[in-house]
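K.L.:
Following the working numbering, the numbering of the sequence shown begins with 237 at its first residue and continues without gaps.
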Amino acid sequence: MRPPSPPPRVLVIGAIGRAGAAVLRERLGQVGAVPVTVLCTRGFAHQPRGLDHAVVDGGDWRDCLHHVSAQDEVLLVLDTPRHAREAIFWRPERAALVPLVEALHAQGVRRLDVVFGPGHAPDATESAALQRLGFGAREAGRRPPVAAPPSPTGPWPERLAAWMLRTLIDTLHALGMQRRP
Numbered sequence: 237m238r239p240p241s242p243p244p245r246v247l248v249i250g251a252i253g254r255a256g257a258a259v260l261r262e263r264l265g266q267v268g269a270v271p272v273t274v275l276c277t278r279g280f281a282h283q284p285r286g287l288d289h290a291v292v293d294g295g296d297w298r299d300c301l302h303h304v305s306a307q308d309e310v311l312l313v314l315d316t317p318r319h320a321r322e323a324i325f326w327r328p329e330r331a332a333l334v335p336l337v338e339a340l341h342a343q344g345v346r347r348l349d350v351v352f353g354p355g356h357a358p359d360a361t362e363s364a365a366l367q368r369l370g371f372g373a374r375e376a377g378r379r380p381p382v383a384a385p386p387s388p389t390g391p392w393p394e395r396l397a398a399w400m401l402r403t404l405i406d407t408l409h410a411l412g413m414q415r416r417p
């Protein structure tokens, strides 16, 4: 009899800076969301509901691999720390990005997104490696591209309502991605 597979979860590596805060806010704010685990340098007692942590012993990127399971959805955030308190979140060095994603792929991870903070865009080597492995990359604050909804062609009240809803959704998304003090 095989041991049961671990439940699905979101694993956030490098939850620092504006990008890390936006990722955590987005994932913890979803209704019916799967548990979110962040990699940390030490444990902490008080955390929001739905958030768990795993302590990584060491600073090398290989030290985090035993916390990752093939069923995880991994979000790797590359941004600059804003506050000293963010030192609790473990993060790999930028130079370790390609070896880390290759090791995660070899370990069976198939759902991985790299979120780049402002000013941390991927170079050609990183982009090629992510594309070769089938992983996604996006800049923080930008939604993945989606097809534009068809323009309503009904009576003017229907068109007005559709425009108002689109404007409201876009405004709420923009407010959620703004820098917060």
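Where is the CB? At the ideal position from N, CA and C, for every residue including glycine.
Pick helix, strand or coil for Glu375, following the three-state DSSP scheme.
P.N.:
As a first step, residue 375 must be located in the sequence shown, where it is residue number 139. In this structure, Glu375 counts as strand in the three-state DSSP scheme.
K.L.:
Which value, in whole angstroms, describes the spacing of the CA atoms of Ala357 and Val313?
P.N.:
Mapped onto the sequence shown, residue 357 falls at position 121. Mapped onto the sequence shown, residue 313 falls at position 77. Rounded to whole angstroms, Ala357 to Val313 spans 11 Å at the Cα level.
K.L.:
Which residue's Cα is closest to the Cα of Ala364: Gly355, Glu338, Gly344, Val345?
P.N.:
The residue labelled residue 364 in the question sits at position 128 within the sequence shown. Checked all of Gly355, Glu338, Gly344, Val345; the closest Cα to Ala364 is Glu338.
K.L.:
For His289, report the span of its beta strand (DSSP E) as first-last.
P.N.:
Residue numbering aside, residue 289 sits at position 53 when the sequence shown is read from its first letter. Its beta strand (DSSP E) spans residues 287 to 291.
K.L.:
Mind checking who Glu309 pairs with in its DSSP beta bridge?
P.N.:
For the purposes of this step, residue 309 is taken as the residue at position 73 of the sequence shown. Bridge partners of Glu309: Val246, Arg347.
K.L.:
Starting from the Cα of Val351, find the closest Cα among Pro244, Ile249, Arg245 and give me that residue.
P.N.:
On the sequence shown, residue 351 is found 115 positions in, with the first residue counted as 1. Comparing Cα positions, the closest option is Ile249.
K.L.:
Is Val272 helix, strand or coil when you go by DSSP?
P.N.:
As a working note, residue 272 is residue 36 in the sequence shown. Residue state, collapsed to three classes: strand.
K.L.:
Evaluate contact between the region 340 to 354 and the region 267 to 284, counting only Cβ atoms and requiring at least three cross-stretch pairs below 8 Å.
P.N.:
Three or more Cβ pairs closer than 8 Å define a contact, and the region 340 to 354 falls short of that threshold against the region 267 to 284.
K.L.:
In the DSSP assignment, the alpha helix (DSSP H) including Arg330 goes from what residue to what residue?
P.N.:
For the purposes of this step, residue 330 is taken as the residue at position 94 of the sequence shown. Premise fails: Arg330 is in no alpha helix (DSSP H) and is neither H nor E.
K.L.:
Going by alpha carbons, who is nearest to Arg263 out of Asp406, Arg395, Asp359, Val310?
P.N.:
Working through the sequence shown from its first residue, we reach residue 263 at position 27. Cα-wise, what sits closest to Arg263 is Val310.
K.L.:
Just the Cα atoms here: how many angstroms apart are Pro417 and Pro244?
P.N.:
Numbered from 1 along the sequence shown, position 181 holds the residue referred to as residue 417. Numbered from 1 along the sequence shown, position 8 holds the residue referred to as residue 244. The predicted position of Pro417 is uncertain, since its pLDDT is 44 and thus under 50; no value can be drawn from it.
K.L.:
Would you identify the three-state DSSP class for Gln367, choosing helix, strand or coil?
P.N.:
The residue you call residue 367 lines up with position 131 of the sequence shown. Reduced to three states, the DSSP call for Gln367 is helix.
K.L.:
Give me, in chain order, the residues of the same chain whose beta-carbon lies closer than 7 Å to that of Arg415; leave out the 5 immediate sequence neighbours on both sides.
P.N.:
Sequence index remark: in the sequence shown, residue 415 carries index 179 (1-based). Note that Arg415 scores a pLDDT of 45, beneath 50, so its modelled location is shaky and nothing firm can be said.
K.L.:
Just the C-alpha distance for Leu396 and Leu404, rounded to the nearest angstrom, thanks.
P.N.:
Here residue 396 refers to the residue found at position 160 when the sequence shown is read from its first residue. Here residue 404 refers to the residue found at position 168 when the sequence shown is read from its first residue. The C-alpha of Leu404 is placed about 12 Å away from the C-alpha of Leu396.
K.L.:
Pro335 and Trp297: beta carbons closer than 8 Å?
P.N.:
The residue labelled residue 335 in the question sits at position 99 within the sequence shown. The residue labelled residue 297 in the question sits at position 61 within the sequence shown. It is a contact, given that the beta carbons lie within the stated cut-off.
K.L.:
Using alpha carbons as the reference points, say which of Leu260, Asp315, Gly286, Gly355 lies closest to Pro271.
P.N.:
Sequence index remark: in the sequence shown, residue 271 carries index 35 (1-based). Checked all of Leu260, Asp315, Gly286, Gly355; the closest Cα to Pro271 is Gly286.
K.L.:
Leaving out five residues on either side along the sequence, give the residues of the same chain with a beta carbon under 8 Å from the beta carbon of Gln283.
P.N.:
Locating residue 283 in the sequence shown gives position 47, counting from the first residue. Excluding five sequence positions before and after Gln283, the CB atoms of its chain that fall closer than 8 Å to its own CB belong to His289, given in chain order.
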